[in-house]
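A.B. asks: The structure follows.
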Amino acid sequence: MYGCQQNLINPDNELKSVLEFICSESHKLTNCGIYYGRQLFFKSKKIIGKYDLEKEYKTNKHYKVLYSQAAQQILRSVAESFKSFKELDKKYKKGNLHFKPRVPNYRKKDGLAVVIYPSQALRLVGDQIKIPLGTTVKRWFKLDSFLIPMPSNLKFIDIKELRILPRNQCFYVELVYQKEILTQHNLNPQNALGIDPGIDNWLSCVSNVGTSLIVDGRKVKSLNQWYNKRASTLKEGKPQGYWDGQL
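Those letters in the sequence shown? Residues 0 to 246, by numbering that gives the first Met the number 0.
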């Protein structure tokens, strides 16, 4: 079972330029793949295979400027969209679909698109994830990678895929990770626990099997008050919606 966690990236000017560049190249490469897929379909009614675009575009400038595994993921996503169109078209022709599916269309000009990295491309450096750039970028800008913070609630070894997602003039990192499979226990449905929430006594709990417990809420209350005071100090004089690493 897999989970997906999305975190906002707070880039400095250099990192923002890198993210804009790779997402722009992803957008252009995506449109190249869509062009090839559309031409093949309209001319021969054939659908591109999973690896067809990689063979066609491995010398393309937008392909070469990206890290190879990221470029491959972009083109495979395009191929997958045409495969989905084919399956929907079959259902439509059999009368199992009420709307006629459309051939995947081009993305808007000068946009940004997601960049996907498989786990094999990633490295953990301290408390940050090292994400590689293509050899062309290294040759042009003397830069071979960039770093983003590793979320403290996840284990690096569990990460299966990393996505750089441009959205609403911001950049997010999406981490697809292996979720721990919880062991199912044989519970007695006749047992019950009554919970009374409060302030000083955060939770007062009494069961129907003769046990009880109280969770002290004073420590939680103190931490909450401290956080609110600290957050107010950090946000003072800042625009609405301000957020940083300390918050």
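Even glycine gets a Cβ: it sits at the ideal position worked out from N, Cα and C.
Considering only residues of the same chain and omitting the five flanking positions on each side of residue 257, which have a CB-CB separation below 7 angstroms?
C.D. replies: What the structure shows of the chain is the stretch from 0 to 246, and residue 257 is not part of that stretch, so it cannot be assessed.
A.B. asks: Give every residue of the same chain whose Cβ lies closer than 8 angstroms to the Cβ of residue 258, excluding the five residues on either side of it in the sequence, and list them in chain order.
C.D. replies: There is no way to answer for residue 258, as the model of the chain reaches only from 0 to 246.
A.B. asks: Tell me the rounded alpha-carbon separation between residue 50 and residue 101.
C.D. replies: When rounded, the distance between both Cα atoms is 22 angstroms.
A.B. asks: Does residue 230 pass the burial test, meaning 16 or more other C-beta atoms within 10 Å, or should it be called exposed?
C.D. replies: Classification for residue 230: exposed.
A.B. asks: Could you spell out the range, first to last residue, of the alpha helix (DSSP H) harbouring residue 17?
C.D. replies: Note, residue 17: alpha helix (DSSP H), 12-43.
A.B. asks: Just list the residues that DSSP pairs residue 144 with in beta bridges.
C.D. replies: Answer is 131.
A.B. asks: With three or more beta-carbon pairs closer than 8 angstroms as the criterion, would you say the region 19-32 touches the region 49-67?
C.D. replies: Output reads yes: the region 49-67 touches the region 19-32.
A.B. asks: Contact defined as beta carbons within less than 8 angstroms: I believe residue 144 pairs with residue 130. What is the distance between those atoms, to the nearest angstrom?
C.D. replies: Going by Cβ atoms, the distance from residue 144 to residue 130 rounds to 6 angstroms, so yes, they are a contact pair.
A.B. asks: Spatial neighbours of residue 106 within its chain, please: CB distance less than 7 angstroms, with the 5 preceding and 5 following residues excluded, ordered by chain position.
C.D. replies: 26, 29, 30, 112.
A.B. asks: Between the Cα of residue 36 and the Cα atoms of 169, 157, 104, 10, which residue gives the shortest distance?
C.D. replies: That would be 104, whose Cα lies nearest to the Cα of residue 36.
A.B. asks: In this structure, what does DSSP give as the bridge partners for residue 193?
C.D. replies: Beta-bridge pairing links residue 193 to 205.
A.B. asks: Residue 228 to residue 77, Cα distance in whole Å?
C.D. replies: If you take the alpha carbons of residue 228 and residue 77, they lie about 49 angstroms apart.
A.B. asks: Taking DSSP as the reference, what is the three-state secondary structure of residue 111?
C.D. replies: Residue state, collapsed to three classes: coil.
A.B. asks: Strictly by DSSP, which residues pair up with residue 124?
C.D. replies: Paired residue(s): 127.
A.B. asks: Using a Cβ-Cβ cutoff of less than 8 angstroms, which residues in the same chain neighbour residue 208 once the five nearest sequence positions on both sides are dropped?
C.D. replies: For residue 208, where only same-chain residues beyond five positions count, the Cβ hits under 8 angstroms are 190.
A.B. asks: Confirm, please, whether the CB-CB distance from residue 22 to residue 165 is below 8 angstroms.
C.D. replies: It is a contact, given that the beta carbons lie within the stated cut-off.
A.B. asks: My understanding is that residue 46 touches residue 85, with C-beta atoms under 8 angstroms, so please give their C-beta distance in whole angstroms.
C.D. replies: The Cβ separation is near 5 angstroms, so the contact holds.
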